[in-house]
Structure formats: C-alpha cells, structure tokens
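Reading through the structure tokens given below for one structure.
Number of protein chains: 2
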Amino acid sequence: MARIKTEKNISRKDVIVTKAAILFREKGFKAASMRDLAEAVGVEAASLYNHIKSKTELLHELCFSVANRFLHKIDEIEAEPINSIEKVEKLLRFHINEMINHYEEVYVSDREWKHLADPYLSNFQNQRRIYRKRFAAIIENGIRNKEIKKIDAPTAVLIMLHAISGIESWHRSTQKISAEALEENMITILVGGLINK
Amino acid sequence: MARIKTEKNISRKDVIVTKAAILFREKGFKAASMRDLAEAVGVEAASLYNHIKSKTELLHELCFSVANRFLHKIDEIEAEPINSIEKVEKLLRFHINEMINHYEEVYVSDREWKHLADPYLSNFQNQRRIYRKRFAAIIENGIRNKEIKKIDAPTAVLIMLHAISGIESWHRSTQKISAEALEENMITILVGGLINK
DNA sequence: ATTCGTTGCTAACACGTGTTAGTTGTTTTA
DNA sequence: TAAAACAACTAACACGTGTTAGCAACGAAT
C-alpha cells in the first residue's frame, strides 16, 4: 500500500489540493476526474475521500485561498501613505508575482470558479465584485488628483486584471523571457497607459 | 413535432451552432450537455444528430470560424500602407468589436479550445501561435521605427489579447458603459501604454 | 505486543453522458 | 397525389462520473 508522501507541515490534504490545482488548470474542473487526480497522487480514487469531502471542496479551497490573499493585499495597500499610481503599481506587481509563482491555483481560481455551487458561488462573485470596486476606487482617486488620465476606472481594472491572466501564455511558451523582465514589461505597458502625460 | 425554426439563409445547423456557443460560454464545453443544447433548441437530443456529426464538431466550427476571421483581418491590415501604431490600433479595434458583437463565439474559441481533439487541436494551436507572431512582428517594426517604446513585443501582444478578453466582464456587468465608450477607453489605455513618449 | 485511529484497498451503485438504431411524421419534389 | 428526402421521435447502449460501504493494512501510543 503506497501511502501519500508528506513532508513536515504538509498534510495529505494539502498534497491532494496542490495536485488538484495542477489538474484543474490542465484539463478544466469538469474534465478532470477524481480518478485522474487519484493517479496523480498515487492512490486509488476512493482513498481520496479519507482526506476530502468532495470534488467541489477542492475547488472551494483553491478559489477562496487565492481570493483571500488578494483581499489581504489590497487591505495593506489601501492603508499605505503613497500616491495612487504607486498603489496601482504595487497591486499590479503583486498580481503578476502571484500569477508567476502560484500559477496553477490563481489560474484555476480565475477560470473555474463558475463551477462552484451556491452559496460558495455567490460568495465568491461578491468578493470579486467588491475587490474590483476597491481597485477602481484607487484609480478614481488618481484621476481626481490628475495623476491618471481621464478614463473609465472599471474598464481600466478589467483590462489590467485580464492582461495579467495572460501570464498563462508566458508559462506555456517555449522561449520565455525571465520572470523579472516579464514583470517590468507588464508594468511599463499597463502603468504607462494610465499616467497622465 | 416541433421543428427547428429557420429563416432565410440560416440552416438548422447554424441555429444549433449558435445556441451551442451560448451554452458553451455559459457552462463550459464539458459541462454543457447535448440534452441541454437540445432543450435550448427545442428538440430531443437525438434529433440534433440529423444536423451535426458530434458535440466536438460544434466546437471545431466555433473555434475555426473565429480564428479565420482574425486571420483574414490581419492579412488585410498587414497590407495597408499605414504606420505600426495605426496597424496595432486597427487590429485592436477589430478584436474589441468582435468581442462586443460576437461575444459568445469569440469567448468560446478563446477559452474552450483545449477540448478540441487532435488533429484540430494542434492545428488550432498552430494558427494561434502564428497569429501572435504576426501581431508581435507589427509591434517590433514599430519599436525599430521608434514609434513604440522598447518593450518585449510578445509580452505586449499577450497583454493586449488578454485585456480584450476582459470584455467578458463588461458583458455581464449591470452598469455597462456604452460599447463605444468601452472601445475608446481600451484603446486609450492599451495604445497609450505603447507609444514612445 | 496489543490497541486504536488512520489511510489505503476493492467492489459497487446510481446517475449522466454522447451517440446509434429504427421508426414515424412532415416537407418538398415529380 | 405518390414518391423521395428530410427531420423529428422513442428506446436503448456502453461508458465514465462522483461517491459510499466495508474491509485490510499500516504507524503510533499504551
């Protein structure tokens, strides 16, 4: 009987969730089967249920752990005594780094949350909506201060968040530029598009 | 027996493909069942097979019809005697309008192509790769002419294409700005981020 | 060494899936 | 109006799905 290997401070459930992220990213939530996941973990499908409640629970865990990281970060940034452009830049850099370093989870949270079931679904959508409003509020502040061009703030948010999710393509491309170069390029283009002359 | 209603120049197959796009966008390709589709069309599931070969065929049709539209457009734009920034702007405006006016199809082609089966899959990925290279080449030209900032062209392409796919959120938002305003805002930010001073 | 909780296994169920066969009804054509 | 083509139906199949029940093996603690 081959047990799931664990290291210090990493529960078997964590192992499963991590593998699930990889699989969900690769095939999509619906197309990834529990038998696929079991194989990736090195165990029979039924054995997974000693550690998790359901397939959907895996999606909850992934979606909300990602969402919480972003919420904490925006809390932090809002409180800092810096100007709007700096806030936007900091938030963008955080998004970029999350997408680079926690690719699978962030991607899954971004693309597969549709398959959450209520009440988690409404909950997640709510958090998302609120997060974007707070992001937009930072931009609107910058517009009032004339730091930022007169643009529609929600549209700007939408552009930036989706642009960053494009890092997916970077991960899969064969001729990658370095992560640092990627970050700087993205900041140049995105922040460059906001600044008022 | 309730037949599928058709108008002039619209085959029953077209009706099915169009409804499929809506459904695939809403639920994802895997999660949308042929019985769902049948209900949307107003017919029994088995009846669909008088008009189509398989569920996957629907995905082919959608993905490649979208891909072809973009390929034609870039052919056209490459041939025009205008500068690089103008070419980028034209291409972006086309993408934006496609995403606004053919939302369902474009979205499905963008997000669900993973579920294509070979040889269609490799084919589609190839077309996509080539398209992006051609887009990047336009930008690289602009950099050489000093019209465009010194940035990594593939990264710029990736940002723009993904930013545009964010129009998805616009479609679903309750307080939409007008389509025209959306287009202008996107162009302002995205092209603004490219221009060299 | 025995006990006990944990973690794995096999087997199976109930259900939803895409799709086919065969038939009946409806249009279009001759 | 009869024949041919089309498009709908019912029934069913084979298969993959998430999940549960019941049991066996393992590791840690007494």
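Taken in order, these protein sequences are the chains called V and D.
Residue numbering for the first sequence follows the numbering used here, starting at 606 and increasing by one per position.
Residue numbering for the second sequence follows the numbering used here, starting at 606 and increasing by one per position.
C-beta: ideal position from N, C-alpha, C; glycine also.
How is the alpha helix (DSSP H) around residue i delimited, first residue to last?
| i | result |
| --- | --- |
| V/S670 | 660-684 |
| V/I705 | 689-706 |
| V/K624 | 617-632 |
| V/H776 | 772-777 |
| D/E644 | 639-646 |
Taking 7 angstroms as the CB-CB limit, is residue i close to chain D?
| i | result |
| --- | --- |
| V/A768 | yes |
| V/G771 | yes |
| V/G747 | no |
| V/I830 | No answer is possible for residue 830 of chain V: it lies beyond the span of chain V, which begins at 606 and ends at 802. |
| V/I554 | Look at the range of chain V in this structure, 606 to 802, and you will see that residue 554 of chain V is not part of it. |
| V/A645 | no |
| V/A636 | yes |
| V/I782 | yes |
| V/I764 | yes |
| V/S774 | yes |
So who's on the other strand from residue i, going by DSSP bridges?
| i | result |
| --- | --- |
| V/I753 | V/I800 |
Please report whether the beta-carbon of residue i lies at a distance below 7 angstroms from any beta-carbon of chain V.
| i | result |
| --- | --- |
| D/A761 | yes |
| D/K738 | no |
| D/K660 | no |
| D/A672 | no |
| D/D757 | yes |
| D/I735 | no |
| D/K692 | no |
| D/S727 | no |
| D/I621 | no |
Under 8 angstroms by Cβ, that's how I've got residue i and residue j pegged, so tell me the actual separation to the nearest angstrom.
| i | j | result |
| --- | --- | --- |
| V/S670 | V/E631 | Wrong, their Cβ atoms sit about 19 angstroms apart, outside the cutoff. |
| D/I657 | D/L663 | 6 angstroms |
| V/N790 | D/D680 | Their Cβ separation, rounded to whole angstroms, is 28 angstroms, which puts V/N790 and D/D680 out of contact at 8 angstroms. |
| V/L642 | V/K624 | 6 angstroms |
| D/I764 | V/A768 | 4 angstroms |
| V/A650 | V/R640 | 5 angstroms |
| V/V646 | V/V622 | 10 angstroms between Cβ atoms; not a contact. |
| V/I682 | V/I772 | The pair is not a contact, with the Cβ atoms about 20 angstroms apart (cut-off 8 angstroms). |
| D/N702 | D/I753 | Wrong, their Cβ atoms sit about 23 angstroms apart, outside the cutoff. |
| D/V762 | D/F629 | In fact, because the Cβ distance is near 25 angstroms, the residues do not count as touching under 8 angstroms. |
| V/W566 | V/L766 | Look at the range of chain V in this structure, 606 to 802, and you will see that residue 566 of chain V is not part of it. |
| D/I609 | D/V648 | 6 angstroms |
| D/T760 | V/I782 | 7 angstroms |
**OP:** Could you tell me whether the segment 732-745 of chain D touches the segment 722-734 of chain V, where touching means 3 or more Cβ pairs closer than 8 angstroms?
**Re:** no
Original post:
At a cut of 8 angstroms, does the segment 742-759 of chain V reach the segment 689-707 of chain V through at least three beta carbon pairs?
Top reply: yes
Original post:
Per the contact definition of three or more C-beta pairs closer than 8 angstroms, is the segment 633-649 of chain D in contact with the segment 703-720 of chain D?
Top reply: yes
Subject >> Sufficient close CB pairs (3 or more, under 8 angstroms) joining the segment 791-800 of chain D to the segment 691-707 of chain D >> reply: yes
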